[in-house]
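**Student:**
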Amino acid sequence: MFSLDRWQEIYSTIRKNKLRTFLTGFAVAWGIFMLIILLGSGNGLENGVKEQFKGGAMNGVWISSGITSIQYKGLKTGREIKFSDQDYKLIKNSIKGYDHISARLFLGSVLVSYKNEYGSFFVSPSHPDYGYIKEIQVLQGRFLNQIDIRECRKVAAIGEKVKAQLFKGKDTVALEKYVCIRGVPFKVIGIFRDFGRDDNEQKRIYIPITTAQKVFYSTNVINQISFTTGNATPEEADAMLRKAKMTLSRSHTFSPDDPRAIDIMNKSEDVKRVNSLFAGIRMFIWIIGIGTIIAGIVGVSNIMMISVKERTKEIGIRKALGATPASIIGLIMQEAILITGFAGYVGLVLGVGLLELIARNMPPSDFFRNPEANFAIAIGATILLVIAGAFAGFFPAMKAAGIRPIEALREE
Amino acid sequence: MIDITNIHKTYITGTNKLHVLKGIDLKVDAGEMISVMGASGSGKSTLLNILGILDNHDHGEYLLSGIKIEHLNESKAAQLRNKYLGFVFQSFNLVSFKNAMENVALPLYYQNVKRKKRNAIAMEYLDRMGLKEWSHHLPNELSGGQKQRIAIARALIAKPKVILADEPTGALDSVTSQEVMDILTDINKNENITMLIVTHELDIAKRTQKTIRITDGMITEIVKN
Ligand SMILES: Nc1ncnc2c1ncn2[C@@H]1O[C@H](COP(=O)(O)OP(=O)(O)OP(=O)(O)O)[C@@H](O)[C@H]1O
Ligand SMILES: [Mg+2]
Chain A
-7 MFSLDRWQEI
3 YSTIRKNKLR
13 TFLTGFAVAW
23 GIFMLIILLG
33 SGNGLENGVK
43 EQFKGGAMNG
53 VWISSGITSI
63 QYKGLKTGRE
73 IKFSDQDYKL
83 IKNSIKGYDH
93 ISARLFLGSV
103 LVSYKNEYGS
113 FFVSPSHPDY
123 GYIKEIQVLQ
133 GRFLNQIDIR
143 ECRKVAAIGE
153 KVKAQLFKGK
163 DTVALEKYVC
173 IRGVPFKVIG
183 IFRDFGRDDN
193 EQKRIYIPIT
203 TAQKVFYSTN
213 VINQISFTTG
223 NATPEEADAM
233 LRKAKMTLSR
243 SHTFSPDDPR
253 AIDIMNKSED
263 VKRVNSLFAG
273 IRMFIWIIGI
283 GTIIAGIVGV
293 SNIMMISVKE
303 RTKEIGIRKA
313 LGATPASIIG
323 LIMQEAILIT
333 GFAGYVGLVL
343 GVGLLELIAR
353 NMPPSDFFRN
363 PEANFAIAIG
373 ATILLVIAGA
383 FAGFFPAMKA
393 AGIRPIEALR
403 EE
Chain C
339 MIDITNIHKT
349 YITGTNKLHV
359 LKGIDLKVDA
369 GEMISVMGAS
379 GSGKSTLLNI
389 LGILDNHDHG
399 EYLLSGIKIE
409 HLNESKAAQL
419 RNKYLGFVFQ
429 SFNLVSFKNA
439 MENVALPLYY
449 QNVKRKKRNA
459 IAMEYLDRMG
469 LKEWSHHLPN
479 ELSGGQKQRI
489 AIARALIAKP
499 KVILADEPTG
509 ALDSVTSQEV
519 MDILTDINKN
529 ENITMLIVTH
539 ELDIAKRTQK
549 TIRITDGMIT
559 EIVKN
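Residue numbers (my numbering), protein chains in the order written: chain A, -7 to 404; chain C, 339 to 563.
1. If you run the structure through DSSP and keep just helix, strand and coil, what is A/M(-7)?
2. Against chain C, with Cβ distances strictly below 8 Å, would A/P363 count as a contact?
3. Got a sec: which bits of the stretch 379 to 402 of chain C sit with their beta carbon under 7 Å from any beta carbon on chain A, in order along the chain?
4. Buried or exposed: where does A/S218 fall if 16 or more other Cβ atoms within 10 Å of its Cβ makes it buried?
5. Mind listing the chain C neighbours of A/P397? Cutoff is C-beta to C-beta under 7 Å, in chain order.
6. Check whether the Cβ atoms of C/I340 and C/L359 sit closer than 8 Å, and answer yes or no.
7. Counting only beta-carbon atoms, is A/Q326 nearer than 8 Å to chain C?
8. Is the shortest distance between the beta-carbon of A/M(-7) and the beta-carbons of chain C less than 8 Å?
9. Would you say C/V536 reaches chain A, if we count a Cβ-Cβ gap shorter than 8 Å as a contact?
10. If I'm right that A/G123 touches A/L103 with Cβ under 8 Å, what's the distance once you round it to whole angstroms?
11. May I ask you to verify whether the stretch 441 to 456 of chain C touches the stretch 488 to 507 of chain C, counting CB pairs closer than 8 Å and requiring at least 3?
12. Give a yes or no on whether 8 Å exceeds the smallest Cβ distance from C/Y349 to chain A.
13. Would you say A/L313 faces chain C, with C-beta separation under 8 Å as the test?
14. Determine the chain C residues that contact A/E306 at a beta-carbon separation under 7 Å, and present them in chain order.
15. With 8 Å set as the bound, which would you pick, yes or no: does the beta-carbon of A/K301 sit closer than that to a beta-carbon of chain C?
16. Alpha carbons only, please: which of A/R252, A/T225, A/Q216, A/K126 is nearest the one belonging to A/I59?
17. Cβ closer than 8 Å: which chain A residues qualify as neighbours of C/R551?
18. Candidates C/S383, C/K347, C/Q484, C/K497: which alpha carbon is nearest C/G398's?
19. Within 10 Å of its beta-carbon, does C/V518 have 16 or more other beta-carbons around it, so buried, or fewer, so exposed?
20. Comparing the C-beta of C/K452 with each C-beta of chain A, is any distance below 8 Å?
21. Is it buried or exposed for A/Q129, if we count other Cβ within 10 angstroms and need 16 for buried?
22. Using beta carbons (cut-off 8 Å, strictly below), is C/H357 in contact with chain A?
23. Below 7 Å CB to CB, which residues in the same chain sit around C/G381 once its five sequence neighbours on both sides are set aside?
24. Rounded to a whole number of angstroms, what is the C-alpha to C-alpha distance between C/N457 and A/L(-4)?
25. Going by alpha carbons, who is nearest to C/A438 out of C/E479, C/I531, C/L389, C/N354?
26. Which residues in chain C have a C-beta closer than 7 Å to the C-beta of A/K8? List them in chain order.
27. Closer than 7 Å to a non-hydrogen atom of ligand 1 - does that hold for the CB of C/S279?
28. Grab the span of the alpha helix (DSSP H) containing A/Q216 for me, first residue to last.
29. Using the Cα positions of A/A312 and C/P498, report the straight-line distance between them to the nearest angstrom.
30. Could one say the Cβ of A/F14 lies closer than 8 Å to chain C's Cβ atoms, at least one of them?
31. Could you tell me whether the Cβ atoms of C/L534 and C/V426 are closer together than 8 Å?
32. Taking any heavy atom of ligand 1 as the mark, which residues have a C-beta closer than 6 Å to it, listed down the chain?
33. Please find out if some non-hydrogen atom of ligand 2 comes closer than 7 Å to the beta-carbon of C/V536.
34. In the DSSP assignment, find the beta strand (DSSP E) that holds A/W54 and state where it starts and stops.
35. If you draw a straight line from the alpha carbon of C/P506 to that of A/L30, how long is it in whole angstroms?
36. If we count Cβ pairs, one from each stretch, closer than 8 Å, do we get three or more for the stretch 325 to 336 of chain A versus the stretch 369 to 379 of chain A?
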């Protein structure tokens, strides 16, 4: 069925009917081109949005204190909830299944100096676990540890941009040097990289939370509790969050239904939402793309139908000379597959080429980066094309096979 | 070679029934060259189509080279046509986008002969028809006589046992007609191929061994020439 001779026979037919072949192929090329562009753009959008989730474990949860907005047990609204070490310990003991947990303080942007170099950086007092929650990468030295916490050491892990800004010129070794944070000297114990998209993430300094409480607050206040849910299922993670909320609601006497008393940021929830959004978008794109391709196939089928009609006489002659119905079906189907396959391939190449061009020349933005059509899509599209070609050729081929030579050859 | 008895054929178009062949009996020996004459609409082409297994008969028996032609599926019919029969038509019926050589070679394609080989054989046949220089021309660049000679070469290439020609000279002038008949008689003599030629022209019919006259779907006369 797939003899070289058959292909040559088809090739000679195609070559002698160039315009018809071109028209037939164009619709398919266009369909595939559109599908690739749409899928690529969808990927670009997805890459752009997902980029914003980078830096920090996907199963991270951040609970910050807020202000009550519902009256509860005789207490009026507008009450400020203040977390302390107590809450951190409560949460740590009440929820099960977390794998890292840390309390945090928000010092905000703070003036930091080393000798004559100054800079304004975000100083983040936290527990050692926060390094895991934030998925930072230690480049030199180490991150905070338990001894730092216990002994309230004045040590700091600084972001690589902090290091670059404070340690310039000859004095480029940062480890073991002392930087001044709000006038208090802290020893640099490590340099890290954060994968966060935001430049500010790179300009962070982590210090032990106990040190910060002692040096800057003289109380055991904290602003945020953060943990990762380990390998909990979404339902288990939900249960953990509910438990945490109940615990805090009881200890601070606010309504468990109060949306403002505490603020919970649940990354996996956000990721899930975005994922389902993009699953929807992708499905939408496939529906449109397949619709376009179907339009192309119907076009091919139609033109092949006309072509079969035009070729009635030729097919009648072939049959009179000994062509079996199967060989006629093969001839027409293979022609359809060849045309759709080739045209589709051209559309595929053009589509991928255009995406590549866009990816190279367009600066990545918050919502669009790296539009790409990956290998799997290309393979999928190729298989789709062959099937499409077979579909396109089927009805014309059946029609051709049904042509009766006496009718085809009857003198007009 | 051909042996038909009591062949009937009725065409049904809508509610109309047209009884075209009304009991045809005919025996054609191997190597015979026979002409068929008759008024327009008498059923000559219908008979030839049945003999060519392009159409089927309603009644009667048809033996082609001893093979009973009855209830054949399309593939089988195609194989028999390819192996036993060659066709020559009034309007040549060449494939318009194939050149002379490719047209001649087409029957061999359906015998799975390799392209190179079948083109070489086609060239031999074209040479015999004196058309070697025209091998790469498309049919619309050729004269009627040339086209018919190509059609004859195509009918011959698969070495058929029988050639069925429906008014092969119908579209040609008298000189060219005689040339085509020269070729056909030559082939009949030299290769012992059985021939049935439908014609309206008496001088064409005269060049065959026997003339059969069909009137209104029946054989009414057989004349030796
Ligand atoms: N497929 C068909 N369907 C219906 N009627 C047909 C069909 N083919 C032929 N006929 C009719 O059968 C009759 C015989 O036709 P046929 O073609 O055999 O005549 P013919 O002898 O070859 O005539 P001519 O010399 O004009 O070619 C005609 O009346 C024709 O109209
Ligand atoms: Mg006729």
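A virtual CB, placed ideally from N, CA and C, is assigned to each residue, including glycine. Every value quoted in this text rests on a predicted model; they were computed, and no experiment measured them.
**Tutor:** Reading from the atomic positions:
1. In the first sequence, residue -7 of chain A corresponds to position 1, counting from 1. Residue placement at A/M(-7) cannot be trusted, given a pLDDT of 46 that sits under 50; what the coordinates show is reported in the next sentence. Coil.
2. The sequence position of residue 363 of chain A within the first sequence is 371, counting from 1. Chain C, which has no Cβ nearer than 8 Å to the Cβ of A/P363, makes this no.
3. N387, L392, D393
4. Within the first sequence, the letter at position 226 stands for residue 218 of chain A. Under this definition A/S218 is a buried residue.
5. For the purposes of this step, residue 397 of chain A is taken as residue 405 along the first sequence, with counting starting at 1. Neighbours of A/P397 on chain C, chain order: L392.
6. By one-based count along the second sequence, residue 340 of chain C stands at place 2. By one-based count along the second sequence, residue 359 of chain C stands at place 21. No; because the gap between Cβ atoms is not below 8 Å, this pair is not in contact.
7. The count along the first sequence starts at 1 and reaches residue 326 of chain A at position 334. No, its Cβ sits nowhere closer than 8 Å to a Cβ of chain C.
8. Looking up residue -7 of chain A in the first sequence gives position 1. Interpretation of A/M(-7) is limited by its pLDDT of 46, a score under 50 that renders its predicted location unreliable; the figure taken from the coordinates is listed afterwards. No - not a single Cβ of chain C is within 8 Å of the one on A/M(-7).
9. The residue you call residue 536 of chain C lines up with position 198 of the second sequence. By this cut-off, C/V536 is not an interface position.
10. By one-based count along the first sequence, residue 123 of chain A stands at place 131. By one-based count along the first sequence, residue 103 of chain A stands at place 111. With a Cβ gap of about 24 Å, A/G123 and A/L103 do not count as contacting.
11. yes
12. Taking the second sequence and counting its residues from 1, the one referred to as residue 349 of chain C is at position 11. With 8 Å as the cut-off, C/Y349 does not count as an interface residue toward chain A.
13. Within the first sequence, residue 313 of chain A is the residue found at index 321, counting from 1. Yes, because at least one Cβ of chain C sits closer than 8 Å to the Cβ of A/L313.
14. What you label residue 306 of chain A is simply residue 314 of the first sequence in a count that begins at 1. Correct list: V433.
15. Sequence index remark: in the first sequence, residue 301 of chain A carries index 309 (1-based). So, not an interface residue.
16. The residue you call residue 59 of chain A lines up with position 67 of the first sequence. For the residues A/R252, A/T225, A/Q216, A/K126, the minimum Cα distance to A/I59 belongs to A/R252.
17. Your numbering for residue 551 of chain C matches position 213 in the second sequence. Under the 8 Å cutoff, chain A gives no residues; its nearest Cβ is about 21 Å from C/R551.
18. As a position in the second sequence, residue 398 of chain C is number 60, starting the count at 1. Comparing Cα-Cα distances from C/G398 to each of C/S383, C/K347, C/Q484, C/K497, the minimum goes to C/K347.
19. Counting from 1 along the second sequence, the entry for residue 518 of chain C is found at position 180. The residue is buried, with at least 16 neighbouring Cβ atoms inside 10 Å.
20. Sequence index remark: in the second sequence, residue 452 of chain C carries index 114 (1-based). Chain A contact via Cβ: present.
21. Taking the first residue of the first sequence as position 1, residue 129 of chain A is located at position 137. By the neighbour-count rule (16 or more Cβ atoms within 10 Å), A/Q129 is not buried but exposed.
22. Residue numbering aside, residue 357 of chain C sits at position 19 when the second sequence is read from its first letter. It does not: the Cβ of C/H357 has no partner Cβ on chain A nearer than 8 Å.
23. As a position in the second sequence, residue 381 of chain C is number 43, starting the count at 1. Taken in chain order, the residues that qualify are V358, L359, I552, G555.
24. Counted from its first residue, the second sequence places residue 457 of chain C at position 119. Counted from its first residue, the first sequence places residue -4 of chain A at position 4. When rounded, the distance between both Cα atoms is 15 Å.
25. For the purposes of this step, residue 438 of chain C is identified with residue 100 of the second sequence, where counting begins at 1. With distances taken between Cα atoms, C/A438 lies closest to C/E479.
26. On the first sequence, position 16 is the one that residue 8 of chain A refers to. Going along chain C in sequence order, the residues near A/K8 (Cβ under 7 Å) are F435.
27. Here chain C comprises residues numbered 339 to 563, so residue 279 of chain C is not present and cannot be evaluated.
28. For this step, residue 216 of chain A is matched to residue 224 along the first sequence. Note, A/Q216: premise wrong, no alpha helix (DSSP H); beta strand (DSSP E) at 216 to 220.
29. The residue you call residue 312 of chain A lines up with position 320 of the first sequence. The residue you call residue 498 of chain C lines up with position 160 of the second sequence. Cα-Cα distance, rounded: 13 Å.
30. By 1-based counting over the first sequence, the position of residue 14 of chain A is 22. Not one chain C Cβ lies under 8 Å of A/F14.
31. Taking the first residue of the second sequence as 1, we reach residue 534 of chain C at position 196. Taking the first residue of the second sequence as 1, we reach residue 426 of chain C at position 88. Not in contact: C/L534 and C/V426 (Cβ atoms no closer than 8 Å).
32. C/Y349, C/T351, C/L356, C/V358, C/G376, C/S378, C/G379, C/S380, C/G381, C/K382, C/S383, C/T384
33. Stepping through the second sequence from its first residue, residue 536 of chain C is reached at position 198. For ligand 2, at least one heavy atom lies less than 7 Å from the Cβ of C/V536.
34. Along the first sequence, read from residue 1 onward, the residue named residue 54 of chain A stands at position 62. Where A/W54 is concerned, the enclosing beta strand (DSSP E) stretches over 52 to 57.
35. For this step, residue 506 of chain C is matched to residue 168 along the second sequence. For this step, residue 30 of chain A is matched to residue 38 along the first sequence. Cα to Cα, C/P506 sits roughly 60 Å from A/L30.
36. yes
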